[in-house]
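Some notes on the structure that comes next.
Chains as they are written, first to last, in my numbering: chain A, 1 to 214; chain B, 1001 to 1214.
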């Protein structure tokens, strides 16, 4: 019988506890995302958006399921925001599913590009574009017993900002302008990088939904 | 100034540790999912699929961002599988983002329906429908330091089943028949219910992608 190549997550850490402590990775933030424009023109819209996004400061890879950007947090956020805004059309219902993450014990130092400077490549072209978005978010702080406290912290910050719509099963619903949403995503990634060794932040954004009800 | 109503996740447990231990919830499995058929006919396809799915054994709610089913694990899985298969069209690129979860400390006993029996309402009509799917999965076992070991366990089971395509940043990619995929989802939910107090299992399924590359 063919010998199978299994994965060994949780068995490589220096402590042997499966937690990944002892890992010595650079500060790589990643975002894996998929755009779903619900129109016959979906391929054209996605390809145009990808092409219009400046990605010189991130590592990127596109597959059949999603695109991934990896690098410094601010540059990853800048590229994801640009790709989403470039894909937006006034009359097309579209969703973007995005998974932001940092600190996975199974992560590798490669497949990344950590630009030295803080000059955002896309922000000047998109900063003044406004449209309403509906969004569901879920934060997963990994490896710690008191994870619910960190989730409460970021949800309460959304309440403070006035972008919180409601709590629902397995997610929190936000409703705001696209600029406010990406400012909030930046806040969450920054807060998590400071307070958590490994987190996943799931964000699904919807625009132009024909469903009016909340 | 208006007094804000904040959330208090992690402050209600009997132990005060924010972990939710001491909670006494029934065995509610939930799945929040969104279908994204990338065609001008998206609304018709989604509504037809929702209507064709028998949901008498789950609690359900549909909003502008997603639909949620809650109840006994097998009945939730049965309804989600049916809704996805009923939305499939031979020539339409579609994704489904689905979040399975159980054991959230912030969960409530309500908004659920725990059917007594094990008779699946949808399976007979869909068991013989076959088409290939591409899928990315991510498992988040919450509140424990050795979470990577549980992730490795379910990934290695996919390897054993021959449905594993590759590991990628922040997810695992599967490639198989739709029936095999939902059998695997059932295995993961069953394994997690037995071994974890709180988990989230994120699944994004794609059919008929025009992108050939993996």
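All C-beta atoms, glycine included, are put in the ideal place defined by N, C-alpha and C.
Using a Cβ-Cβ distance under 8 Å, would residue i count as near chain A?
i, result
"residue 1137(B)", "no"
"residue 1055(B)", "no"
"residue 1130(B)", "no"
"residue 1042(B)", "yes"
"residue 1029(B)", "no"
"residue 1125(B)", "no"
"residue 1004(B)", "yes"
Any beta-carbon of chain B closer than 8 Å to the one on residue i?
i, result
"residue 99(A)", "yes"
"residue 194(A)", "no"
"residue 22(A)", "Interpretation of residue 22(A) is limited by its pLDDT of 42, a score under 50 that renders its predicted location unreliable; the figure taken from the coordinates is listed afterwards. With 8 Å as the cut-off, residue 22(A) does not count as an interface residue toward chain B."
"residue 133(A)", "no"
"residue 140(A)", "yes"
With which residues is residue i paired in a DSSP beta bridge?
i, result
"residue 168(A)", "171(A)"
"residue 1200(B)", "1101(B), 1140(B)"
"residue 1161(B)", "Its beta-bridge partners do not exist; DSSP assigns none."
"residue 33(A)", "67(A), 98(A)"
"residue 61(A)", "68(A)"
"residue 1176(B)", "1133(B)"
"residue 1188(B)", "Its beta-bridge partners do not exist; DSSP assigns none."
"residue 1205(B)", "1096(B), 1135(B)"
Residues of chain B with a CB under 7 Å from the CB of residue i: which are they?
i, result
"residue 143(A)", "1145, 1147"
"residue 152(A)", "1007, 1008, 1009, 1010"
Below 7 Å on C-beta distance, what does residue i contact in chain A?
i, result
"residue 1095(B)", "34, 36"
"residue 1051(B)", "Ordered by position in chain A, no residue passes the 7 Å Cβ test against residue 1051(B), which lies about 15 Å from the chain."
Would you mind telling me which residues of chain A sit closer than 8 Å to residue i, beta carbon to beta carbon, in chain order?
i, result
"residue 1111(B)", "169"
Residue i touches chain B at which residues, Cβ-Cβ below 9 Å?
i, result
"residue 80(A)", "None at all; the shortest Cβ gap to chain B is about 13 Å."
"residue 155(A)", "1006, 1007, 1009"
Please list the partners that residue i has in chain B, where partner means a Cβ-to-Cβ separation under 8 Å.
i, result
"residue 190(A)", "Chain B residues near residue 190(A): none, gap ~19 Å exceeds 8 Å."
In chain A, which residues lie less than 9 Å from residue i when you measure between Cβ atoms?
i, result
"residue 1104(B)", "148, 169, 170"
Within 7 Å: the Cβ of residue i and any heavy atom of the ligand SAM?
i, result
"residue 6(A)", "Annotation note on the ligand SAM: not contained in the displayed structure, which lists no ligands."
Query raised in the report: Is there contact between the segment 44-61 of chain A and the segment 113-122 of chain A, where contact requires at least three CB pairs shorter than 8 Å?
Result: At 8 Å Cβ cutoff, the stretches touch.
Query raised in the report: Touch check for the segment 1138-1149 of chain B and the segment 142-150 of chain A: three-plus C-beta pairs under 8 Å?
Result: yes
Query - Near-chain B residues of the segment 197-211 of chain A - C-beta to any C-beta below 8 Å - result: 200, 202, 204, 206, 209, 210, 211
Query raised in the report: Using a Cβ cut-off of 9 Å, which residues of the segment 1058-1077 of chain B contact any Cβ in chain A, in chain order?
Result: 1061, 1062, 1063, 1064, 1065, 1066, 1068, 1070
Query raised in the report: Can you list, in chain order, the residues of the segment 1157-1183 of chain B whose Cβ is nearer than 8 Å to any Cβ on chain A?
Result: Look at the segment 1157-1183 of chain B: the residues with a C-beta under 8 Å from a C-beta of chain A are 1159, 1160, 1167, 1168, 1169, 1170, 1171, 1173.
Query raised in the report: Counting pairs of Cβ atoms below 8 Å between the segment 58-77 of chain A and the segment 1203-1211 of chain B, do you hit three or more?
Result: yes
Requested in this report: Evaluate the contact criterion for the segment 1121-1138 of chain B versus the segment 1176-1188 of chain B: three or more CB pairs, one atom per stretch, below 8 Å.
Outcome: yes
Query raised in the report: Touching or not, the segment 33-49 of chain A and the segment 80-88 of chain A, by the rule of three or more beta carbon pairs under 8 Å?
Result: Counting Cβ pairs under 8 Å, three or more are found: they touch.
Query raised in the report: Per the contact definition of three or more C-beta pairs closer than 8 Å, is the segment 93-107 of chain A in contact with the segment 148-159 of chain A?
Result: no
Report task. Flag this pair as touching only if the segment 88-101 of chain A and the segment 188-203 of chain A have three or more C-beta atom pairs under 8 Å; answer yes or no. Result -> Contact holds: three or more Cβ-Cβ distances are below 8 Å.
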